[in-house]
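Chains as they are written, first to last, in our numbering: chain A, 1 to 385; chain V, 1001 to 1372. Glycine included, each C-beta is placed from N, C-alpha and C at the ideal position. Just so you know, these numbers come straight off a predicted model, no measurement behind them. Right, one structure below, let's go through it.
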């Protein structure tokens, strides 16, 4: 398969110990520095939000509108990524401050805290890049792995990816519903779906009401400017965060794993799977903060509950461990990783070029697939969830 | 001038009502109004009691006395009650309980807290060594059953030991400010004269109030005052021979409290004794006899029961459960026990089965499963 199968049990053990040592050292050092960091950042985000919402009230003036959108976009991005995502990972639970606690914290996003912790903290982080286990592989909409069975709808892979990115917060919000089970695979009933959607809808409604009705209404005759500004800020956050997340797991060299790897997986093997299933991107301090330090996706996947501002510091050590054991450390510029992701999205819209296909080009493979799909009922193409 | 203050207070009321409104709640969703207000001023809040440190004084070598000005969310207290004070140390919020020692009728609206600083008292040392004027601390509303009754008793006996002086000091100051004319006896136990908090103020009160009798008792040999040694029935006969007629308020270290309670119980006076256990008797860690294991289900961790409280065992297993007073008062640490027996270290009572428990005062008896 990959380097994964070349490592010996001892090597896995050593890698596990070396990474544990980094973790133990950093976690023992938690203190005022981390608390000050997150508190300062939260202050900045709240100021940006107040400024952004204020400026948009004067949104009939083009410079104010633009500045308002910039502030509000930055605020939403910080709120969701460096603050929300990381706080909900429990990175700051040790502070004992209920306002910065994973149990209580909620973000400026339509996804609920509970649903997020289920799909992201538990499913995605435990089963990173394991097919049929990690729903982040394509979010049930896209084909992101060659081992994912091709279906005709994946012809629209790039368009679907665009839609996913545009409405990212809503897709994340309904991710726990596994909508495809209802829409495509018919393994979930409408009643089940309705019941599961209830808490999400409650949160969605509040978010939509706030951004698209109440704040515009406060601006009176200038409501359309506020409305448009809020659409723009939500869109900016959606596009940015989805790209950051895709860059973390879907550049072409990043590995995906069959379900069999998680049977009797050791701590060392889990670490290595996280290493091979994640990718970083490079940039300045601002880039790291605005991406919630998910530019250090590798470090984040190794230590999801370590305050994220520490990733930059430990990254050279993690990289050195990779080099020592001959493991790849996937990194590159934001551009390079993004292009690589989109290449994968386009490539996987067509069926794999498999060896037993008589035809040569991907289109022949496609034809064969369509024929085979037409023969068997769709629901059998996927195990019931 | 009067009109101006009236306008400004009406303005403040209006603003508060606006900030507490449903609209403000939705506009600030999901974080809440307080999370925005605190960005601009750490004292601003529509829900939380926060207080500014107005003065830090050191009345003895091992104590610290804070004067705190709470924001307008403070609802006041009854002398004898306690508040939970939270400070951040090394990035981590720490909460302890203290009883305001000031008079209810203090004119400037401030409250006064005095903490005894123990050598390994993590929070009290921080208060003495780090806290300075201008800092902002978090407070809870006042709470506790130990309180001066609204209808003042005819005779009052106040018995305190060490830092247990603070709630009864508040009672004494309040009664004096009210011109209370009934007899008050103040019986206080301290290690030495130098250790006694509020010594000079008590002297002054006793000097200027004919109805107040001050009886001090020092533990150190060689230092003779009115009395010496530990509490005994004899002390009581000397200090307050009419104790049976008085309403008594007691606060001090556990052994002293136990000795006093015994006398009242023997005389059938338990109803007239109001008490506040200020420091928790250290749990007797019986690591030899401790059996079984502690299972933390949600965090998928397990520890061998070492006889310490469940909170301590959870923390040494690397968990960070919510906690506050660590003495069974604030209920911040309450969590679900799904199986097993625990002993309440305050009462010795053993309970079993599925229930909510305060893990800071619960010691496992055999294997215990917690849903944290």
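Any C-beta of chain A sitting closer than 8 Å to the C-beta of residue 1027 of chain V? Residue numbering aside, residue 1027 of chain V sits at position 27 when the second chain is read from its first letter. Yes, contact with chain A.
Please check if any C-beta of chain V sits within less than 8 Å of the C-beta of residue 32 of chain A. Here residue 32 of chain A is taken as the residue at index 32 of the first chain, counted from 1. It does: the Cβ of residue 32 of chain A has a partner Cβ on chain V nearer than 8 Å.
Would residue 50 of chain A count as contacting chain V if we go by Cβ distances under 8 Å? Here residue 50 of chain A corresponds to residue number 50 of the first chain, with the count starting at 1. So, interface residue.
Here's the rule: buried if 16 or more other CB atoms are within 10 angstroms of the residue's CB, otherwise exposed. What is residue 21 of chain A? Here the question's residue 21 of chain A lines up with position 21 in the first chain. Under this definition residue 21 of chain A is an exposed residue.
With DSSP as the reference, identify every bridge partner of residue 1293 of chain V, one or two as the case may be. Counting from 1 along the second chain, the entry for residue 1293 of chain V is found at position 293. DSSP, once it has assigned bridges, lists V:1304 as partnering residue 1293 of chain V.
Counting only C-beta atoms, is residue 43 of chain A closer than 8 Å to chain V at any point? For the purposes of this step, residue 43 of chain A is taken as the residue at position 43 of the first chain. So, interface residue.
State the Cα-Cα distance for the pair residue 1095 of chain V and residue 1117 of chain V, rounded to the nearest angstrom. Taking the first residue of the second chain as position 1, residue 1095 of chain V is located at position 95. Taking the first residue of the second chain as position 1, residue 1117 of chain V is located at position 117. One C-alpha to the other measures close to 15 Å.
What are the residues in the stretch 1078-1096 of chain V lying within 9 Å of chain A by C-beta distance? 1086, 1088, 1089, 1090, 1091, 1092, 1093, 1094 and 1095
So for residue 130 of chain A, helix, strand or coil by DSSP? What you label residue 130 of chain A is simply residue 130 of the first chain in a count that begins at 1. For residue 130 of chain A, the secondary structure class from DSSP, reduced to helix, strand or coil, is strand.
Just verifying my parser: in three-state terms, what is the DSSP assignment at residue 1069 of chain V? Counting from one through the second chain, the residue named residue 1069 of chain V turns up at place 69. In the structure shown, residue 1069 of chain V sits in a strand (DSSP, three-state: E or B).
Could you check what DSSP says for residue 180 of chain A in three-state terms: helix, strand or coil? Looking up residue 180 of chain A in the first chain gives position 180. Of the three classes helix, strand and coil, the one that applies to residue 180 of chain A here is helix, per DSSP.
Is the CB-CB distance between residue 23 of chain A and residue 303 of chain A below 8 Å? Residue 23 of chain A sits at position 23 when you count from the first residue of the first chain. Residue 303 of chain A sits at position 303 when you count from the first residue of the first chain. Their beta carbons are under 8 Å apart, which means residue 23 of chain A touches residue 303 of chain A by this criterion.
Straight-line gap, residue 100 of chain A to residue 87 of chain A (C-alpha atoms, nearest Å): Taking the first residue of the first chain as position 1, residue 100 of chain A is located at position 100. Taking the first residue of the first chain as position 1, residue 87 of chain A is located at position 87. Going from the Cα of residue 100 of chain A to the Cα of residue 87 of chain A covers about 6 Å.
Considering only their Cβ atoms, is the gap separating residue 1320 of chain V from residue 1362 of chain V smaller than 8 Å? Here the question's residue 1362 of chain V lines up with position 362 in the second chain. Here the question's residue 1320 of chain V lines up with position 320 in the second chain. It is not a contact, given that the beta carbons lie outside the stated cut-off.
Quick check: the Cα distance between residue 340 of chain A and residue 251 of chain A, rounded to an integer number of angstroms? Here the question's residue 340 of chain A lines up with position 340 in the first chain. Here the question's residue 251 of chain A lines up with position 251 in the first chain. Going by the C-alpha atoms only, they are around 5 Å apart.
For residue 1025 of chain V and residue 1017 of chain V, what's the separation of their Cα atoms in angstroms? Locating residue 1025 of chain V in the second chain gives position 25, counting from the first residue. Locating residue 1017 of chain V in the second chain gives position 17, counting from the first residue. Straight-line Cα distance between these residues: approximately 12 Å.
Please compile the residues from chain A whose C-beta is within a distance smaller than 8 Å of the C-beta of residue 1005 of chain V. Locating residue 1005 of chain V in the second chain gives position 5, counting from the first residue. Within 8 Å Cβ-Cβ: nothing; residue 1005 of chain V doesn't reach chain A, min ~29 Å.
Quick one: using the 10 Å Cβ neighbour count with 16 as the cut-off for buried, is residue 108 of chain A buried or exposed? Residue mapping note: residue 108 of chain A aligns to position 108 of the first chain, counting from 1. The residue in question, residue 108 of chain A, is buried, as its Cβ has 16 or more Cβ neighbours within 10 Å.
For residue 107 of chain A, go through chain V and note every residue whose CB falls closer than 9 Å to its CB, in chain order. Taking the first chain and counting its residues from 1, one reaches residue 107 of chain A at position 107. In chain order: 1030 and 1031.
The stretch 222-239 of chain A contacting the stretch 1041-1057 of chain V, beta-carbon criterion three pairs below 8 Å: Counting Cβ pairs under 8 Å, fewer than three are found: no touch.
Kindly indicate which residue of V:1102, V:1192, V:1159 and V:1193 has the alpha-carbon position closest to the one of residue 1176 of chain V. Taking the second chain and counting its residues from 1, one reaches residue 1176 of chain V at position 176. Answer by Cα proximity: V:1102.
Can you list, in chain order, the residues of its chain with a C-beta nearer than 7 Å to that of residue 145 of chain A? Leave out the 5 residues immediately preceding and following it. Looking up residue 145 of chain A in the first chain gives position 145. 131, 137 and 256.
Test: residue 1320 of chain V CB closer than 8 Å to a CB of chain A: If you number the second chain from 1, residue 1320 of chain V lands on position 320. Closer than 8 Å to some Cβ of chain A, the Cβ of residue 1320 of chain V qualifies, so yes.
For residue 97 of chain A, list the residues DSSP reports as bridge partners. Here residue 97 of chain A is taken as the residue at index 97 of the first chain, counted from 1. Its beta-bridge partners do not exist; DSSP assigns none.
Is there contact here, the stretch 112-124 of chain A with the stretch 317-329 of chain A, by at least three beta-carbon pairs under 8 Å? The stretch 112-124 of chain A, when compared against the stretch 317-329 of chain A, does not touch it at the 8 Å Cβ threshold.
Chain-ordered chain A contacts of residue 1039 of chain V [CB-CB under 7 Å]: In the second chain, the residue the question calls residue 1039 of chain V occupies position 39. One finds 43, 46 and 47 in chain A with Cβ atoms closer than 7 Å to the Cβ of residue 1039 of chain V, taken in chain order.
Quick check on residue 1200 of chain V: buried or exposed, where buried means 16 or more other Cβ atoms within 10 Å of its Cβ? To locate residue 1200 of chain V, count along the second chain from 1; it is residue 200. So residue 1200 of chain V counts as exposed.
By DSSP's criteria, residue 1189 of chain V is part of a beta bridge. Which residues make up the other side? For the purposes of this step, residue 1189 of chain V is taken as residue 189 along the second chain, with counting starting at 1. Answer is V:1161 and V:1217.
From the DSSP output, in three-state form, read off residue 1005 of chain V for me. Taking the first residue of the second chain as 1, we reach residue 1005 of chain V at position 5. If DSSP states are grouped into helix, strand and coil, residue 1005 of chain V belongs with the helices.
For the alpha helix (DSSP H) that residue 1345 of chain V lies in, which residues bound it at each end? As a first step, residue 1345 of chain V must be located in the second chain, where it is residue number 345. Per DSSP, residue 1345 of chain V belongs to no alpha helix (DSSP H) and is neither H nor E.
Does any CB atom of chain A fall closer than 8 Å to the CB of residue 1272 of chain V? Taking the second chain and counting its residues from 1, the one referred to as residue 1272 of chain V is at position 272. Answer no: the Cβ-Cβ gap between residue 1272 of chain V and chain A never drops below 8 Å.
From A:307, A:351 and A:338, pick the residue whose C-alpha is nearest to that of residue 92 of chain A; which is it? Start at 1 with the first residue of the first chain, and residue 92 of chain A comes out as number 92. Comparing Cα positions, the closest option is A:307.
Drop a sphere of 10 angstroms on the beta-carbon of residue 1348 of chain V, count the other beta-carbons inside from all chains shown, and report buried for 16 or more, exposed for fewer. Locating residue 1348 of chain V in the second chain gives position 348, counting from the first residue. Residue 1348 of chain V should be labelled exposed.
Step through the CB atoms of chain A and report whether any lies within less than 8 Å of the CB of residue 1035 of chain V. Your numbering for residue 1035 of chain V matches position 35 in the second chain. It does: the Cβ of residue 1035 of chain V has a partner Cβ on chain A nearer than 8 Å.
What are the residues in the stretch 198-224 of chain A lying within 9 Å of chain V by C-beta distance? 203, 206, 207, 209, 210, 214, 215 and 218
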